[in-house]
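A short write-up of the structure that comes next.
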Amino acid sequence: MAKTILIVEDQQVLREIMKEYLMDEGYEVLEAGDGSQALTLFQEHEVHLIILDVMLPELDGWSVCRRIRKVSNVPILMLTARSDEDDTLLGFELGADDYVVKPCSPPILLARSKRLLENRQMHEPGDMLSGGGITIHLPSRTVSIEGKNYSLTHTEYEILAYLMKNKGIILSREQLIIKIWGYDFIGEDRTLSSHVRNLRSKLGDHAKHIVTVVRSGYKFEERP
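Residue numbers (full-length UniProt numbering): 1 to 224.
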C-alpha cells in the first residue's frame with residue numbers, strides 16, 4: 001500500500017514540484033495551501049508523513065505542528081526559508097522530526113522524506129528498538145543486553161532511546177537537549193556530556209555504539 005504524504009505549502013509552483021518528485025517514487029500526495037486546510041486533510045485521511053512549511057496563511061506551520069503533535073506522532077518535515085538556528089530549535093521543540101531550508105533541492109527533500117518514512121516503518125508496531133546487541137522494550141521502558149536487564153535513569157533512557165530511534169543519524173547536542181529537557185533548558189552543556197558518560201559506563205562494551213561526532217553531536221552506530 002502506497003504511503004500518503006501531506007504537502008503543506010502556500011506556493012503552488014513549489015507544491016507541484018514536490019508532488020511530482022514524490023509521486024514518481026510511488027507515494028500518494030495530498031496538498032494544502034494553508035494551515036487550516038492542512039489540519040482538515042489530516043483529520044480526514046491516513047497520513048504517513050507531513051512536509052510542512054513554516055510561513056503559511058490562516059495558521060502558521062508552528063501552530064499546525066503543535067496541534068498535530070497533541071494527537072499524533074506522524075513524522076513531520078519542516079520547510080523554512082531561514083537557516084536561523086532559533087527556527088530550527090523551535091521546530092524540534094514543537095515536535096518536528098527534521099527540517100530543510102528553502103529553496104531546497106527536490107532530491108534532498110525526497111531523500112529526507114524517505115529516511116523519515118523508513119525509520120517510521122522500522123519501528124512499527126512501536127514496541128521494540130534494537131541494535132548493537134541492545135534491546136529496548138518501549139512500553140515498559142526496559143533496556144536489556146543479551147537477555148540481562150540494565151537499570152538506567154530516566155534521562156539516560158531517553159538519550160539512548162532517541163539515539164537508537166535515529167540510528168546512523170548525527171543528532172546535534174542542541175537536538176538532544178531539546179528532546180530531553182526542552183527548549184527552556186537553562187543548565188550547562190556539560191550536563192548532557194555527564195549523562196552520556198554515565199550511560200556509556202552502564203552499557204560497558206556496548207557503549208562503543210554511541211559515537212561522539214566531534215563538533216557535531218552523537219549518533220548510534222552498530223560497530224563490530
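Cβ coordinates follow ideal geometry from the N, Cα and C atoms, glycine included.
None of the values given here were measured: they were computed from a predicted structure.
{"Item": "P75, buried or exposed, once every other Cβ within 10 Å from all chains shown has been counted against 16", "Value": "buried"}
{"Item": "Of the listed residues T135, Y150, E9, S36, nearest to T80 (C-alpha basis)", "Value": "E9"}
{"Item": "Pairwise C-alpha distance: Y218 and L129", "Value": "18 Å"}
{"Item": "Residues bridged to I145 [DSSP beta-bridge criterion]", "Value": "I134, K148"}
{"Item": "Anticipated Cβ contact below 8 Å, A38 with L6, distance rounded", "Value": "7 Å"}
{"Item": "Inter-residue spacing [alpha-carbon to alpha-carbon] between A161 and I210", "Value": "11 Å"}
{"Item": "Which of helix, strand or coil DSSP assigns to A207", "Value": "helix"}
{"Item": "Residues near V213 in its chain [Cβ-Cβ closer than 7 Å; skip 5 each side]", "Value": "I170, K219"}
{"Item": "With 16 other Cβ atoms within 10 Å as the buried cut-off, status of E20", "Value": "exposed"}
{"Item": "Whole-angstrom distance between V29 and T97, CA atom to CA atom", "Value": "Reading off the sequence, residue 97 comes out as Asp, not Thr. The straight-line gap from Cα to Cα measures roughly 19 Å."}
{"Item": "The stretch 193–207 contacting the stretch 149–159, beta-carbon criterion three pairs below 8 Å", "Value": "yes"}
{"Item": "Span of the beta strand (DSSP E), counted from its first residue to its last, around D53", "Value": "49–53"}
{"Item": "Unbroken stretches of the alpha helix (DSSP H), 4 residues or longer, contained in the UniProt domain \"Response regulatory\" (4–117)", "Value": "12–24, 35–44, 61–69, 85–94"}
{"Item": "Element boundaries [alpha helix (DSSP H), containing K219]", "Value": "Run containing K219: none in the alpha helix (DSSP H); it sits in the beta strand (DSSP E), 217–220."}
{"Item": "Contact under 7 Å by Cβ, L56 with D34", "Value": "yes"}
{"Item": "Outcome for S72 when other beta-carbon atoms lying within 10 angstroms are tallied against a minimum of 16", "Value": "exposed"}
{"Item": "Coarse secondary structure for V213, derived from DSSP in three states", "Value": "strand"}
{"Item": "Range covered by the alpha helix (DSSP H) that runs through K179", "Value": "173–181"}
{"Item": "Nearest-angstrom Cα separation, counted from I178 out to residue 263", "Value": "Residue 263 falls outside the range modelled here, since the chain spans only 1 to 224, and no answer is possible."}
{"Item": "Beta-carbon gap between L116 and K3 smaller than 7 Å", "Value": "no"}
{"Item": "Nearest candidate by alpha-carbon position, reference P106, set R190, M18, G95", "Value": "M18"}
{"Item": "CB-CB length for R173 against L192, believed under 8 Å", "Value": "6 Å"}
{"Item": "DSSP-derived helix/strand/coil call for M164", "Value": "helix"}
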